[in-house]
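Below you'll find the structure, written out as structure tokens, and then a few comments.
There are 2 protein chains.
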Amino acid sequence: MTIDAILNKVYTLPQTSLAKIRDNMVEVTYPKQHIIIKDHTIEPNIYFIKSGIVRAYANFDGTEVTFWFGKESEAVISMRSYIENKKGYENIELLEDCTLYKLESNTLKQLFLEDIHIANWGRKFAEQELIKTEERLISKQFKTATQRYLELLNTNTDLIKRVQLGHIASYLGITQVSLSRIRAAIK
Amino acid sequence: MTIDAILNKVYTLPQTSLAKIRDNMVEVTYPKQHIIIKDHTIEPNIYFIKSGIVRAYANFDGTEVTFWFGKESEAVISMRSYIENKKGYENIELLEDCTLYKLESNTLKQLFLEDIHIANWGRKFAEQELIKTEERLISKQFKTATQRYLELLNTNTDLIKRVQLGHIASYLGITQVSLSRIRAAIK
DNA sequence: AACTAAATTTTACAAATGATAAAAAAGACA
DNA sequence: TGTCTTTTTTATCATTTGTAAAATTTAGTT
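Line order of the protein sequences matches chains A and B. According to the numbering used here, the first sequence holds residues 1 to 187 in order. According to the numbering used here, the second sequence holds residues 1 to 187 in order.
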């Protein structure tokens, strides 16, 4: 997916505004297992995935928990860095070799203040991340791990194939043993 | 809290922009138990709480789940209505008599396109809701019900006093009986 | 193909949580 | 104050999920 297509997916921008963002982006490629965002640091860039798959995880009391998977066209950001200029809590690891579009947060923030189209793009971007996040929260509150696993099977078939089950179990909020039991039960 | 203070809390606006929003707001008061936002409808307004406390809940497979509490200065919105102009999944009920500032979404959306300061205000508003939501999601994924209850006790002491335990248990994702056990255990 | 390491599944047991019913306590209101 | 209703707690038992360890499968390398 081209960077223009990814940007316009969020909110359609005039060519001039699109160019202002595009001209500040760099395409980068990293290998599987590379950590592009490290916790407890201020991450100066945001990324959009051109190809590949990544996961975000955080550590809490010695436990590692995966809380997000990202695929083609999705944004890879450290929320606290991007929004509050603070050290983030997420580690983001590439689960496959990935090509990403990289953009400095500060450059984008400057554009927000200069170009109303880009400001509205930034608004829509945050709004869409917001609605996705709220839906994940509600799914987590309402549904059992089994339901959420089946949902993942239906909506993200490739994800199950491309990501190891330990990460999926962590994402579902259960142990790998429990996930194995669930998988055995639905066969 | 005045409406200007609430708006500026999100992102500091010039007086002229502030006035454009403020002039379109109406103060409304509703009694305890009133439902201001109903599920499966498109809600045309957003609200900011001047005083009182509210809860958002949704129904799924016949089960009612509380997933949010809002207090003074917080925004009351139907996410799907505000962001996507679609029917929402949340019911929002007043848990006390409330005074709210009401604003039509469409009016605000028009202002986003006309005033770059307001567009950036809207961006910051979404960004802050986003970070709050992601933090709730992570808290839910990382912490046990007991930890989350203790966290609520520390950060929202008044909430525990003002809201009945059935709603708090639902919010924590456990039964009321379980919450009672937890409360008995930590004494 | 054989070896090694990593990932996944299975098993057994322990701990936590849920469902249900009933009792106790707190609140609402004439 | 006394009665009625709602909310909270307690008790019991069934079910689910977690922990730990072993067995199996898969993937990667020589």
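The beta-carbon is built from N, C-alpha and C at its ideal position, and this holds for glycine as well.
Ranked by how close their Cα comes to the Cα of G122 (chain B), the residues B:T157, B:S73, B:E72 and B:I83 have B:I83 in first place. Interface criterion not met: the Cβ of D39 (chain B) is under 9 Å from no Cβ in chain A.
Along the stretch 1–62 of chain A, the alpha helix (DSSP H) occurs as fully enclosed runs of 4 or more residues at 3–10 and 15–22, listed in sequence order.
Spatial neighbours of Q33 (chain B) in its own chain (CB-CB distance under 7 Å, excluding positions within 5 residues in sequence) are listed in chain order as E93 and L94.
Bounds of the beta strand (DSSP E) holding E104 (chain A) are C98 to E104. Measuring C-alpha to C-alpha distances from N8 (chain B) to each of B:H117, B:Y30 and B:R55 identifies B:H117 as the nearest. For T133 (chain A), the chain B residues whose Cβ falls inside 7 Å of its Cβ are L130, T133, E134 and L137, in order along the chain. The closest CA to that of I21 (chain A), considering only A:Y89, A:K38, A:E114 and A:Y57, is found on A:E114.
At a cut-off of 9 Å between beta carbons, T63 (chain B) contacts chain A.
Assignment of I92 (chain B) by DSSP, reduced to helix, strand and coil, places it in the strand class. Within the stretch 46–71 of chain A, those residues whose Cβ lies closer than 7 Å to any Cβ of chain B are, in chain order, A58, F60, V65 and F67. A184 (chain B) and Q147 (chain A) have their C-alpha atoms some 32 Å from each other. In the three-state reduction of the DSSP assignment, V76 (chain B) falls in the strand class.
Look at L113 (chain B): its C-beta is under 9 Å from a C-beta on chain A. Apart from sequence neighbours up to five positions away, the residues of its chain that approach M25 (chain B) with a beta-carbon distance below 7 Å are I3, Y101, K102 and L103, ordered along the chain. Interface criterion not met: the Cβ of G166 (chain B) is under 9 Å from no Cβ in chain A. In this structure T144 (chain A) is exposed. Its beta-carbon is surrounded by fewer than 16 other beta-carbon atoms within 10 angstroms. A straight-line Cα-Cα distance of about 11 Å links A56 (chain A) and G88 (chain A). Under the Cβ distance rule, R148 (chain B) does not count among the residues neighbouring chain A, no pair being separated by less than 9 Å.
Taking each of A:E90, A:N120 and A:E74 in turn and checking the Cα distance to L18 (chain A), the smallest one comes out for A:N120.
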